[in-house]
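Have a look at the structure below, then the notes.
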Amino acid sequence: MSSCASCGNATAEVGQGHTRRLVVNADDFGLDLAVNEAVESAYQKGVLTTASLMVGAPAAADAIRRAKSLPGLGVGLHLTLVDGAPLLPAEQVPDLVDVQGRFAADLWLRGVRYFFLPKVRRQLAAEIRAQFAAFADAGLVLDHANAHKHLHLHPTVLNLMLDIGEAFGLRAVRLPRESLAVARCGGARGFAPAFWAFFLRPWLARMRRQLDKRGLLYNDLLCGLDATGHMTESRLLGLLNCLPEKSLVEIYFHPATTQSPLLRKLMPDYEPQAEYAALLSPRVGEYLRDHQIVRGRFSDFTSG
């Protein structure tokens, strides 16, 4: 099935006749209190519809508490296998971590090991299961799943995420495909967008086949790859102006109310406050209303 084949019921429910459907997501929910504050505010006062939770992050407990007070917010699992620490004790996943017990940063080497070494795959599966279980134990309804740094593009990570996620009610997954034409509308420059669009094509095709085979919902396009950390109001309005008809599009953000010391350390070049402002922008809200673009959670666009 295509990503929109299962959207008919949601279209009728959320807005009969509308063909452009939009999921507005915040990544890294739970990373920092400033992120959590931005998610709550952008959902209540802005255009945010979903957030992806890092269950092992420093402010995860606060994020879960806020999410439970916002039943309309679609919360998904932001599977974290890099830039953080595992939920399992480091001695149980020694091939996933460095000497400090944090996920190793050498993604290319780790990716090769994921693919070829059974013992590494077993550790990877155990950690992925632990993160899904922690999400379920928090009492949240799983709206979607994706991976930090889009690591679920890796075939091994994807297969494990889908196999394990099935037992936890997984119904929707992010497809990290950004249209070059739409990215240009959002201010993309240079050759990088074209390079990544070409490089990722076979991986994305494989992912689509896997998702279709399992009957899972996924977005047709993802906006934010080129503008990661810089999804300002002007870039967002440019992207919205180019959304294709009959599509389900996800736009993702990294918002925060302040650039805390942790965020400054992890993402020194990002503009989290500008992204937060874009989510609250009256101009953005007016554009969505005037152009009849339907916002929702992934669960709003699944049938049955």
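FYI, the numbering for the sequence shown is 536 to 839, going by our numbering. Every residue gets a Cβ at the ideal spot worked out from N, C-alpha and C, and that includes glycine.
Which residue wins for smallest C-alpha separation from residue i, given the options the options?
{"i": "residue 858", "options": "664, 771, 614", "result": "The structure shown has nothing for residue 858, since the chain only spans 536 to 839."}
{"i": "residue 818", "options": "783, 773, 805", "result": "773"}
{"i": "residue 706", "options": "611, 570, 629", "result": "611"}
{"i": "residue 596", "options": "582, 586, 571", "result": "571"}
{"i": "residue 487", "options": "768, 712, 778, 673", "result": "As displayed, the chain neither begins before 536 nor continues past 839, which places residue 487 out of reach and without an answer."}
{"i": "residue 598", "options": "580, 582, 575, 743", "result": "575"}
{"i": "residue 710", "options": "741, 722, 585, 667", "result": "741"}
{"i": "residue 716", "options": "701, 779, 739, 568", "result": "779"}
{"i": "residue 687", "options": "663, 763, 822, 830", "result": "663"}
{"i": "residue 724", "options": "675, 760, 677", "result": "760"}
{"i": "residue 749", "options": "783, 775, 702", "result": "702"}
{"i": "residue 579", "options": "816, 785, 668", "result": "816"}
{"i": "residue 735", "options": "744, 554, 713, 719", "result": "713"}
{"i": "residue 770", "options": "581, 737, 721, 555", "result": "721"}
{"i": "residue 563", "options": "764, 836, 704, 783", "result": "764"}
{"i": "residue 582", "options": "830, 836, 692, 837", "result": "830"}
{"i": "residue 806", "options": "775, 691, 762", "result": "762"}
{"i": "residue 625", "options": "608, 658, 719, 708", "result": "658"}
{"i": "residue 678", "options": "656, 691, 660, 708", "result": "708"}
{"i": "residue 666", "options": "690, 620, 573", "result": "620"}
{"i": "residue 627", "options": "737, 655, 607, 671", "result": "655"}
{"i": "residue 609", "options": "785, 567, 719", "result": "785"}
{"i": "residue 804", "options": "660, 766, 630, 704", "result": "766"}
{"i": "residue 719", "options": "630, 660, 629, 777", "result": "777"}
{"i": "residue 743", "options": "821, 689, 629", "result": "689"}
According to DSSP, which residues form a beta bridge with residue i?
{"i": "residue 681", "result": "613"}
{"i": "residue 753", "result": "708"}
{"i": "residue 786", "result": "559, 758"}
{"i": "residue 830", "result": "557"}
{"i": "residue 819", "result": "Note: residue 819 sits in no beta bridge, so no partner."}
{"i": "residue 564", "result": "588"}
{"i": "residue 632", "result": "638"}
For residue i, decide whether its Cβ has a neighbour in chain D, counting only Cβ atoms nearer than 8 angstroms.
{"i": "residue 591", "result": "Of the protein chains in this structure there is only one, and it is not chain D."}
Let's see if you can read the secondary structure: which residues bound the beta strand (DSSP E) around residue i?
{"i": "residue 585", "result": "585–588"}
I'd like the span of the alpha helix (DSSP H) that includes residue i, first residue to last.
{"i": "residue 576", "result": "568–580"}
{"i": "residue 670", "result": "653–672"}
{"i": "residue 768", "result": "768–775"}
{"i": "residue 797", "result": "796–801"}
{"i": "residue 700", "result": "690–701"}
{"i": "residue 717", "result": "715–720"}
{"i": "residue 597", "result": "595–603"}
Assuming the contact rule is C-beta atoms closer than 8 angstroms, residue i and residue j should be a hit. Round their C-beta distance to whole Å, please.
{"i": "residue 558", "j": "residue 733", "result": "Their Cβ separation, rounded to whole angstroms, is 26 angstroms, which puts residue 558 and residue 733 out of contact at 8 angstroms."}
{"i": "residue 683", "j": "residue 747", "result": "No, residue 683 and residue 747 are not in contact; Cβ-Cβ is about 24 angstroms, not under 8 angstroms."}
{"i": "residue 795", "j": "residue 569", "result": "5 angstroms"}
{"i": "residue 669", "j": "residue 623", "result": "Their Cβ separation, rounded to whole angstroms, is 10 angstroms, which puts residue 669 and residue 623 out of contact at 8 angstroms."}
{"i": "residue 561", "j": "residue 577", "result": "7 angstroms"}
{"i": "residue 616", "j": "residue 676", "result": "With a Cβ gap of about 23 angstroms, residue 616 and residue 676 do not count as contacting."}
{"i": "residue 781", "j": "residue 554", "result": "5 angstroms"}
{"i": "residue 836", "j": "residue 752", "result": "6 angstroms"}
{"i": "residue 556", "j": "residue 739", "result": "So it is not a contact: roughly 20 angstroms between Cβ atoms."}
Does the distance between the C-beta of residue i and the nearest non-hydrogen atom of the ligand GTP fall short of 7 angstroms?
{"i": "residue 824", "result": "As for the ligand GTP, it is missing from this structure, which has no ligand bound."}
If we count Cβ pairs, one from each stretch, closer than 8 angstroms, do we get three or more for the segment 694–702 versus the segment 826–833?
-> no
Three or more C-beta pairs closer than 8 angstroms, one from the segment 636–648 and one from the segment 581–593: is that the case here?
-> no
Counting pairs of Cβ atoms below 8 angstroms between the segment 597–606 and the segment 630–637, do you hit three or more?
-> no
contact_flag[the segment 797–804, the segment 642–658] where n(CB pairs < 8 angstroms) is 3 or more = no
Pairing CB atoms from the segment 777–791 with CB atoms from the segment 804–815, are three or more of them under 8 angstroms?
-> yes
For the segment 649–668 against the segment 753–761, are there 3 or more C-beta pairs whose distance is under 8 angstroms?
-> no
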